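Position 604 (the sequence shown) corresponds to 2046 in my numbering; numbering is contiguous.
Every residue, glycine too, gets a C-beta built ideally from N, C-alpha and C.
Everything numeric in this text was worked out from a predicted model, so none of it was measured.
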Amino acid sequence: MKRIFFFFYFILSALIATAEDGYNLWLRYNKIDNGNLLLQYSSRISGIQFNNTTATLKVAKEELEIGLQGLLAKKIPDQINIVNGSIVAGTPSSSAFISASFKNKELSDLGKEGFIIRTAKSNQKNITIITANTDVGVLYGVFHFLRLLQTHQNIQQLNIISVPKIQNRILDHWDNLNRTVERGYSGISIWNWHELPDYIDQRYIDYARANASIGINGTVLTNVNANALVLTKDYLVKAAALANVFRPYGIKVYLTAKFSAPLEIGGLKTADPLDASVQNWWKQKVDEIYQYIPDFGGFLVKANSEGQPGPQNYGRTHADGANMLADALAPHNGIVMWRAFVYDVRVQKSTENFDSSITDPNAQTIASADRFKQAYNEFKPFDGKFRKNVLVQVKNGPIDFQPREPFSPLFGAMPQTPLMMEFQLTQEYLGQGTHLVYEAPLFKEVLDADTYTNAKGSTIAKIIDGSIDNYSITGIAGVANIGNERNWTNHPFGQANWYAFGRLAWDHDLTAAQIADEWIKQTFSNNKQVVNTIEKIMIASREAVVNYMTPLGLHHIMATGHHYGPGPWVDNLARADWNPVYYHHADLFGIGFDRTATGSNALAQYKKEVSDQWKDSNNIEEKYLLWFHHVSWNHKMNSGKNLWGELCAKYQEGVDSVRWMQHQWNGLKNFIDEEKFQQVKMFLSIQGKEAVWWRNACLLYFQTFSKMPIPAGYEKPDHILEYYESLKFPYAPGNGGNN
Ligand code: BDP
C-alpha cells in the first residue's frame, strides 16, 4: 500500500512542479526542461575562463557558476586554456585573451556599464565571450547571458551589444527607520537598522543580485518624508554596511536629506540655505558621509511639500536649497535629486474662478487652485538655475501616481535642467498589495508620450535619457514595492513591476510585452501556454484597474489616508486638493475637471500640439476626458452612449476583465507550482471582489448627480450608497509612521 502511495506521489510530483515561495525572484536557474536546448547549451558551454581579480568580477563569476550549474545541471569547470565551448569573461585588464581580441574603441564605446556578448571562433574553437570596459559591465553581461538561457534563446550566434540609455537607475525606498514602509504592502522594511551594521542578512546580498540582474545601480534607503537621524554617525555606519554589500554589484547608496537637519541634529538656529553656517554644516556633514561611504551617491530631497521643510520656509527658492546641497556634494561627485512633487500650504492661486473658497489649516484661502499646475509653476522659472549635479525628479503625472494620468507638463519644459522620472512601483493607487496590475504598460504610455518640446517625436523617454536636451546627467527612479515578505513584494506579480522598471530603465525601447515575456519565462515557465496566458493577463491588467477604479479620466477618488478603496464622496478634508470631490467636480450638470481655458487652464502648460489634442471635449482621447473637461452626463461618447452610460460600461468592463483574468489563471493549475498558483488565485479573488466594490460605490455615488439608472443588462450594486460610505479601514497597511 505504502509503495503504491509513493508511486502516485512521485508521478504527482513529476507533474506538478515543486512548491516555490518566490524568494528567488526571476533568478531561479531551474534546469532547462527542453532536451534539445539542453544539448545545444551543453555543447556550447563546457566551462569558463574567468579571472575573478576584483570584488565585482568575483560576484559575476559566482553568479555565472551558480546559474549555469542550475540551468545545465552540471558542474562548470574553470578552464585555463580555451577549448571548445569555453565562456571567456572579463575586461581587458582581467583577461589577456580579451585585451588581445578587442579594439579599445569597441570597448570604450560601451561606456561605464555596457557589455558585449559574442560567439566567436578562436583557433577553430567555438567560444562565447562576455566582455565590457568595466567590471560591472561584465556583471551585467553575465546576467544578460543567464537571462538568454533562462528564456531559452538560441545562443549559437550571439552578437549583443548593450548599453544603458539612462545613467542613474534608482530604487527609492520609502522606508522609515522604525521599519514601517510608507505605502508599503509587503511587510516591513528589509533594512534591519537595529541589527546593522553587524548583522548582514542574506537578503541584502540577494537584493543586490536581483537589482544588478536588471541593471539598477542605485538605492535610496530612506523615506522621502525624511528623518534627520539617518544622517547621524550611528546610522551612517549602518548605511555604510549596506553600501559595502552593494558595492560589488555596482549599486550606490543614497539617503534622503531632511532640510531641517541642521536644526534637528546640528544644533543650528536656522536651516536657511543662504546662511553660511548652514552651508558649512552641510559641507561637513557630506564630508563625513564620504568618510563612511566613499562612493555615496547623494541626496534625494522632498522639500516644501506635504509639510516637509524646505528653502521656502526661509523665503528661498528650490534652486537655493538644491544648490546648497549640490555644492556640498560636488567635490565628491555626488548628486542631488530634488523632487518636483510639491503642493505646499501656499496652494497656488490662479485668476480663474471656478472653485469655491475653502480654508486650509494654515488659514490661507485656497481659491480657484489646481494642484495639477503647481509643480510646473514652481519649477519652470528655475530652469537653468540649478547646479550641474542636480536632477529635478518629476513624478510621471501632474497629480500623484494615479492608474492613469496625462504626463507631467514639466517634461519638455526644462531644457536646461536634467529631469529624472519618478515612477511608483508600490501600488498605492493600483490595488495595493493584492491586485495583479502589471505596470509596464503604464510606464511605456508615459515614456512614449510625445511632448512636442522640439518637434514631433520628442518623447518623454528621449527627454529623460538626455538625447533631446543633451542633459549631461540622466536618471530614473522607481518607488520600491519591496518588503521583508518572503517573496519580497507580497503579490507574486509585484515582482514583475520591479523587474519591468529595471529593464525599462536600462532600455526604454523594450516593449511591455517583451518584458512580460522574459519575466514569465524566468519566473514561471517557458511553456508556451503558460507564457501566452500570463502575458495576456498581465497586459490586460493595467486597463482593467483603470476601468474598475477611475475610467475615462477620473482621478484621485480613493478613500482618505490609506487610499484603500473608493471614496469619491469625501469632501471634508482640511485642504481642498485632498478631497476627491475637488478632482471629479460631479454635479447635476455633469462631471470632470475643466482644465481648459474656461477652467484652470492647466492645458496651457503643455506645448500647443499637445493641448490641441486635448482641448476639445469632442476630440480628446476619451481616456483623458475627465482629466480636462467638465462634461454633461449626456455628453455623446464615441460608442454612441452618453457619458453616464459609458461610465457604467467602463466600470463593468473593469469588473469583467478581472473575472476574465481569474478564468485564465484557473486554466494554468497544472502548469504552475501549487503555492504560487493558489496565492495568485486567492489574490485574484480579492481583486474581483474589490473591483465590484469600486464599481458599485462609484456608480451609486455618481448616480446621485446623473439621476439616471444603471442601464439594463448591467449588474446592480448589492448595497446602498450609505453602506459603501460607512466602510472604514483604520488599520489598512501602507500608512507608515514617519520615523
Ligand atoms: C503620495 C503618498 C505619500 C508620499 C507622497 C510623496 O501618498 O505617502 O509621501 O506621495 O511622493 O503619493 O512624497
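Separation of T1893 and I1902 (C-alpha to C-alpha, rounded to the nearest whole angstrom) is 7 angstroms.
Judged by DSSP secondary structure, D1825 falls outside any beta strand (DSSP E); it is assigned neither H nor E.
Every unbroken stretch of the alpha helix (DSSP H) spanning 4 or more residues and falling wholly within the region 1926-1999 is given here in chain order: 1936-1948, 1954-1965 and 1970-1991. Cα atoms of Q1750 and K1744: separation of roughly 7 angstroms, rounded to the nearest angstrom.
The straight-line gap separating the alpha-carbon atoms of H2077 and Y1756 is approximately 48 angstroms. A straight-line Cα-Cα distance of about 29 angstroms links N1968 and Y1646. DSSP lists I1569 as the beta-bridge partner residues of A1562. A straight-line Cα-Cα distance of about 14 angstroms links N2177 and G1925.
When secondary structure is reduced to three states using DSSP, Q1866 falls in the strand class.
For the region 2069-2110, the full-length alpha helix (DSSP H) segments reaching 4 residues or more read 2085-2108 along the chain.
Between L1514 and I1474, the gap from beta carbon to beta carbon is short of 9 angstroms. Using a C-beta cut-off of 8 angstroms, the region 1491-1500 makes contact with the region 1528-1544, since at least three inter-stretch Cβ pairs fall below that distance.
For Y1691, the closest C-alpha among the options A1682, A1497, F1943 and D1842 is that of A1497.
Assignment of N1722 by DSSP, reduced to helix, strand and coil, places it in the helix class. In terms of side-chain proximity, the C-beta atom of R1781 is found nearer than 8 angstroms to a non-hydrogen atom of the ligand BDP. About 10 angstroms separates the CB atoms of T1661 and I1632; that is not less than 8 angstroms, and the two are not in contact. Assignment of I1905 by DSSP, reduced to helix, strand and coil, places it in the helix class. With a cut-off of 8 angstroms on Cβ pairs, the region 1637-1657 is not in contact with the region 1696-1708, counting fewer than three such pairs. When Cβ pairs closer than 8 angstroms are counted between the two stretches, the region 1609-1624 is seen not to touch the region 1997-2012, the count staying below three. C-alpha of Y2093 to C-alpha of R1781: approximately 34 angstroms in a straight line. Relative to the ligand BDP, the nearest heavy atom lies less than 8 angstroms away from the CB of H2005. Of the candidates P1934, N1932, A1954 and H1933, the residue whose Cα lies closest to the Cα of A1942 is A1954. Following the DSSP letters along the chain, one finds L1705 in no beta strand (DSSP E) but inside the alpha helix (DSSP H) bounded by residues A1703 to E1706. In summary, Y1641 is exposed, with fewer than 16 beta-carbon neighbours lying within 10 Å of its beta-carbon over all protein chains present. For the set E1870, R1829, V1525 and S1850, the Cα lying nearest the Cα of L1889 is the one of S1850.
For P1883, the secondary structure class from DSSP, reduced to helix, strand or coil, is helix.
Going by beta carbons, L2126 and M2103 fall inside the 9 angstroms limit. Within the same chain, T1759, H1760 and A1761 come within 7 angstroms of F1824 by CB-CB distance, once the 5 residues on both sides are set aside. Separation of the CB atoms of R2037 and D1463 is rounded to 47 angstroms, and the pair is thereby denied contact status at 8 angstroms.
Shown here for Y1913: same chain residues with a beta carbon closer than 6 angstroms to its own, the five before and five after excluded, namely P1860 in chain order. Contact between A1768 and N1722 does not hold, since their C-beta atoms are separated by about 15 angstroms, which reaches or exceeds 8 angstroms. Counting of Cβ neighbours within 10 angstroms places M2124 among the exposed residues, the total staying below 16.
For S1747, the CB falls within less than 8 angstroms of some heavy atom of the ligand BDP. Taking a C-beta distance under 9 angstroms as the contact criterion, I1572 and V1580 qualify as a contact pair. Straight through space, the alpha carbons of I2128 and V2097 are spaced by roughly 12 angstroms. It is roughly 10 angstroms from the alpha-carbon of Y1871 to the alpha-carbon of H1877.
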